[in-house]
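**Q** This is the structure I have questions about; it appears just below.
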Amino acid sequence: MGDPVVVPGGQTFERACIQACAALGVSPTAVAVDLSSSSSSGPLVVVPNVALRMDILNWCDRLALPHPSPLSPDTARDLVRRLMPRRQDPPPPSIAGDDFVVAQEPPPPARTGASLEEEIMSVLHADDPTPEELASAMASLRQATRENKEVRTQLCTPRLLAALRPMLLSPDAGVQVNATAAVVNLSLEPENKARIVRSGAVSPLVDVLRGGHPEARDHAAGAMYSLAVEDENRAAIGVLGAVPPLLDLFASGAAGPRARREAGMALYHVSLAAMNRAKIARAPGARGVSEGADAAAAVRKLAVMVLANLAGCPDGRAALMDGGAVATVVRMMRGGSVARGSAEEEYCISALYGMSRGSLRFRGLARAAGAEAALQPVAEGVGGVGRDLARGARSGRCAGKTTRRR
Numbered sequence: 001m002g003d004p005v006v007v008p009g010g011q012t013f014e015r016a017c018i019q020a021c022a023a024l025g026v027s028p029t030a031v032a033v034d035l036s037s038s039s040s041s042g043p044l045v046v047v048p049n050v051a052l053r054m055d056i057l058n059w060c061d062r063l064a065l066p067h068p069s070p071l072s073p074d075t076a077r078d079l080v081r082r083l084m085p086r087r088q089d090p091p092p093p094s095i096a097g098d099d100f101v102v103a104q105e106p107p108p109p110a111r112t113g114a115s116l117e118e119e120i121m122s123v124l125h126a127d128d129p130t131p132e133e134l135a136s137a138m139a140s141l142r143q144a145t146r147e148n149k150e151v152r153t154q155l156c157t158p159r160l161l162a163a164l165r166p167m168l169l170s171p172d173a174g175v176q177v178n179a180t181a182a183v184v185n186l187s188l189e190p191e192n193k194a195r196i197v198r199s200g201a202v203s204p205l206v207d208v209l210r211g212g213h214p215e216a217r218d219h220a221a222g223a224m225y226s227l228a229v230e231d232e233n234r235a236a237i238g239v240l241g242a243v244p245p246l247l248d249l250f251a252s253g254a255a256g257p258r259a260r261r262e263a264g265m266a267l268y269h270v271s272l273a274a275m276n277r278a279k280i281a282r283a284p285g286a287r288g289v290s291e292g293a294d295a296a297a298a299v300r301k302l303a304v305m306v307l308a309n310l311a312g313c314p315d316g317r318a319a320l321m322d323g324g325a326v327a328t329v330v331r332m333m334r335g336g337s338v339a340r341g342s343a344e345e346e347y348c349i350s351a352l353y354g355m356s357r358g359s360l361r362f363r364g365l366a367r368a369a370g371a372e373a374a375l376q377p378v379a380e381g382v383g384g385v386g387r388d389l390a391r392g393a394r395s396g397r398c399a400g401k402t403t404r405r406r
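Just so it is clear: in the sequence shown, position 390 is 390 by UniProt numbering, and no numbers are missing.
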């Protein structure tokens, strides 16, 4: 969304699309206000959704993606016209003859979440379902949960989630891939996230991350990312062993960019919980976070975000310095791969500042890496959090102190 606005019904849409609907006299069923009468009763009143727009821009910045641009009026009108329901002609009359009668049949009723659940459960609970039947059932579940919010909520039941767990561990690639994708879709609804974790789905997802089908691993990383967005899920995800396989996937050069990004976002959210930072720092693959800082832009930014979180705990600081994180971060700042004043630069400075706290090693490592030259322009800047952190890291004022027990 380039220009989200709130309509009188309380929903948020792209401004140009809502204006196009009003101009064309169309009132989509998803909009809880009659747009078809807005032109005659007065102009449609919309309110910019500033909070959502800022969230979108921040999300784009975090993933190094371009900011979305508002749609032009012509583009919006073309889009609305393409999506407008076709006018239904009246049904033709029944054709009666001497020997036959042809009548118009009513369309089949739309399937509800409850009916789809029963359909899927009948396959999963059959005496001896074939892999093809199971894959078809999981594909139906994946398709049904892809775009329909109401169905996602209806299908996230303890019974269906319990039946999904063995499907995640299926040796058949089609079953496993579709089952993990369905979990990702179900997890999109905030009210479903805790339900999925409480259902015991995290452990099978961890097994998929460790040795599942490559496409299923990608989906499992996406599921972990989606579930870790919820605060109350982070501790459970760490306890159930998700950290090591997420680190392995994030550091894997053979994995696709999307899988690495989602593993990195999962690690970032998991590392927001203090108890998980030590787990990440002590994991065998922790060095991969520092190495990720030398990867492509999107992966590099996520690596620095995780580094900044890890630098907030003693175990994390030690592991980062052991892994060469000081030199890596300084090299990023001095090499021009991090834009001045960007969020990525702030994460770099935060990581250096965190490593400087309570560490006698930081001064020597920072001096050897040339941190002074990297931090000086920021420390002498006009202001902001980045300047204060840069001054703290530059002076190493905490380097001579010992860390207090907590």
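Heads up, the beta-carbon is just placed ideally off N, CA and C, and yes, glycines get one too. Just so we're clear, the structure is a prediction, and the values are computed from it rather than from any experiment.
(1) What first and last residue would you give for the alpha helix (DSSP H) that runs through glutamate 291?
(2) So which of Val326, Glu117, Ala126 and Pro131 has the shortest CA-CA distance to alanine 374?
(3) Under 8 Å by Cβ, that's how I've got residue 492 and serine 290 pegged, so tell me the actual separation to the nearest angstrom.
(4) Please state whether DSSP places proline 68 in a helix, a strand or coil.
(5) Between which two residues does the beta strand (DSSP E) harbouring valine 5 extend?
(6) Tell me, please, which residues DSSP counts as bridged to phenylalanine 250.
(7) Hey, which unbroken runs of the beta strand (DSSP E) at 3 residues or more fall wholly within the UniProt repeat "ARM" (159 to 201)?
(8) Give a yes or no on contact between the region 339 to 348 and the region 361 to 372, applying the rule of three or more CB pairs nearer than 8 Å.
(9) Identify which residue in Thr328, Leu310 and Ala379 has its Cα closest to the Cα of arginine 357.
(10) DSSP three-state call for threonine 157: helix, strand or coil?
(11) Within the same chain, show all residues whose beta-carbon is closer than 6 Å to that of alanine 137, passing over the 5 residues directly before and after it, in chain order.
(12) State the Cα-Cα distance for the pair leucine 246 and asparagine 49, rounded to the nearest angstrom.
(13) Would you give the residue range spanned by the beta strand (DSSP E) that glutamate 14 belongs to?
(14) Excluding the 5 residues flanking asparagine 192 on each side, which residues of the same chain have their C-beta closer than 8 Å to its C-beta?
(15) Using only alpha-carbon positions, find the residue among Val47, Asn276, Ala251 and His213 that is nearest to arginine 234.
(16) Can you look up valine 47 in the DSSP assignment and give me helix, strand or coil?
(17) Using the Cα positions of glycine 222 and arginine 258, report the straight-line distance between them to the nearest angstrom.
(18) Could you please give the first and the last residue of the uninterrupted alpha helix (DSSP H) stretch that includes serine 271?
(19) Around the C-beta of proline 108, are 16 or more other C-beta atoms found within 10 angstroms, so that it is buried, or is it exposed?
(20) How about alanine 266 and tyrosine 225: are their beta carbons less than 9 Å apart?
(21) Is it true that the CB of alanine 182 sits closer than 9 Å to the CB of threonine 145?
(22) Which residues in the same chain have their Cβ closer than 8 Å to the Cβ of aspartate 315, if we skip the five residues on either side of it in sequence?
(23) Classify glycine 253 as buried or exposed, calling it buried when 16 or more other Cβ atoms lie within 10 Å of its own Cβ.
(24) Rank Pro190, Val175, Asp128 and Pro158 by C-alpha distance to the C-alpha of glutamate 150 and give the top, closest one.
(25) Going by Cα to Cα distance, which pick from Gly238, Ala298, Ala308 and His125 is closest to alanine 351?
(26) Can you give me the C-alpha to C-alpha distance between histidine 213 and serine 140, rounded to a whole angstrom?
(27) Is valine 197 closer than 9 Å to leucine 227 when the C-beta atoms are compared?
(28) Decide if cysteine 60 is buried, meaning its Cβ has at least 16 other Cβ atoms within 10 Å, or exposed.
**A** In this structure, then:
(1) For this step, residue 291 is matched to residue 291 along the sequence shown. Counting along the chain, the alpha helix (DSSP H) containing glutamate 291 begins and ends at 287 to 292.
(2) For the purposes of this step, residue 374 is identified with residue 374 of the sequence shown, where counting begins at 1. If we check each option's Cα against that of alanine 374, Val326 comes out closest.
(3) Residue 492 lies beyond the residue range present for the chain, which begins at 1 and ends at 406; the question has no answer from this structure.
(4) The sequence position of residue 68 within the sequence shown is 68, counting from 1. It is coil, neither helix nor strand.
(5) Within the sequence shown, the letter at position 5 stands for residue 5. It spans 4 to 6 - the beta strand (DSSP E) in which valine 5 sits, taken as one unbroken run.
(6) The residue labelled residue 250 in the question sits at position 250 within the sequence shown. None, per the DSSP bridge assignment.
(7) none
(8) no
(9) The residue you call residue 357 lines up with position 357 of the sequence shown. Among Thr328, Leu310 and Ala379, the Cα nearest to that of arginine 357 is on Leu310.
(10) Mapped onto the sequence shown, residue 157 falls at position 157. Coil at threonine 157, not helix or strand.
(11) Counting from one through the sequence shown, the residue named residue 137 turns up at place 137. Excluding sequence neighbours, alanine 137 sits near Ile120 and Val123.
(12) Indexing the sequence shown from 1 puts residue 246 at position 246. Indexing the sequence shown from 1 puts residue 49 at position 49. Approximately 35 Å between the Cα atoms of the pair.
(13) In the sequence shown, counting from the first residue as 1, residue 14 sits at position 14. Per DSSP, glutamate 14 belongs to the beta strand (DSSP E) from 12 to 14.
(14) Position 192 of the sequence shown, counted from the first residue, corresponds to residue 192. Closer than 8 Å at Cβ, skipping near neighbours: Arg152, Thr153, Cys156 and Leu186.
(15) Sequence index remark: in the sequence shown, residue 234 carries index 234 (1-based). The shortest C-alpha separation from arginine 234 is found at Asn276.
(16) What you label residue 47 is simply residue 47 of the sequence shown in a count that begins at 1. Valine 47 falls in the strand class under three-state DSSP.
(17) Position 222 of the sequence shown, counted from the first residue, corresponds to residue 222. Position 258 of the sequence shown, counted from the first residue, corresponds to residue 258. Straight-line Cα distance between these residues: approximately 9 Å.
(18) Numbered from 1 along the sequence shown, position 271 holds the residue referred to as residue 271. Serine 271 -> no alpha helix (DSSP H), and no H or E assigned at all.
(19) Your numbering for residue 108 matches position 108 in the sequence shown. Confidence at proline 108 is low in this model, with a pLDDT of 47, below 50, so the placement of that residue should be treated as unreliable; the coordinate-derived value is given next. Per the 10 Å Cβ criterion, exposed.
(20) What you label residue 266 is simply residue 266 of the sequence shown in a count that begins at 1. What you label residue 225 is simply residue 225 of the sequence shown in a count that begins at 1. Yes, these two residues count as a Cβ contact at 9 Å.
(21) Indexing the sequence shown from 1 puts residue 145 at position 145. Indexing the sequence shown from 1 puts residue 182 at position 182. Against a cut-off of 9 Å, the Cβ pair of alanine 182 and threonine 145 comes out as a contact.
(22) The sequence position of residue 315 within the sequence shown is 315, counting from 1. Correct list, in chain order: Arg277, Ala278, Ala281 and Arg282.
(23) Position 253 of the sequence shown, counting from 1, holds the residue named residue 253. Per the 10 Å Cβ criterion, exposed.
(24) In the sequence shown, residue 150 corresponds to position 150, counting from 1. When each option's Cα is compared against that of glutamate 150, the closest is Pro190.
(25) As a working note, residue 351 is residue 351 in the sequence shown. For the residues Gly238, Ala298, Ala308 and His125, the minimum Cα distance to alanine 351 belongs to Ala308.
(26) In the sequence shown, the residue the question calls residue 213 occupies position 213. In the sequence shown, the residue the question calls residue 140 occupies position 140. Cα to Cα, the separation comes out at about 20 Å.
(27) Within the sequence shown, numbered from 1, the residue matching residue 227 stands at position 227. Within the sequence shown, numbered from 1, the residue matching residue 197 stands at position 197. Cβ distance < 9 Å, so leucine 227 and valine 197 count as in contact.
(28) Here residue 60 corresponds to residue number 60 of the sequence shown, with the count starting at 1. Answer is exposed; the Cβ neighbour count stays below 16.
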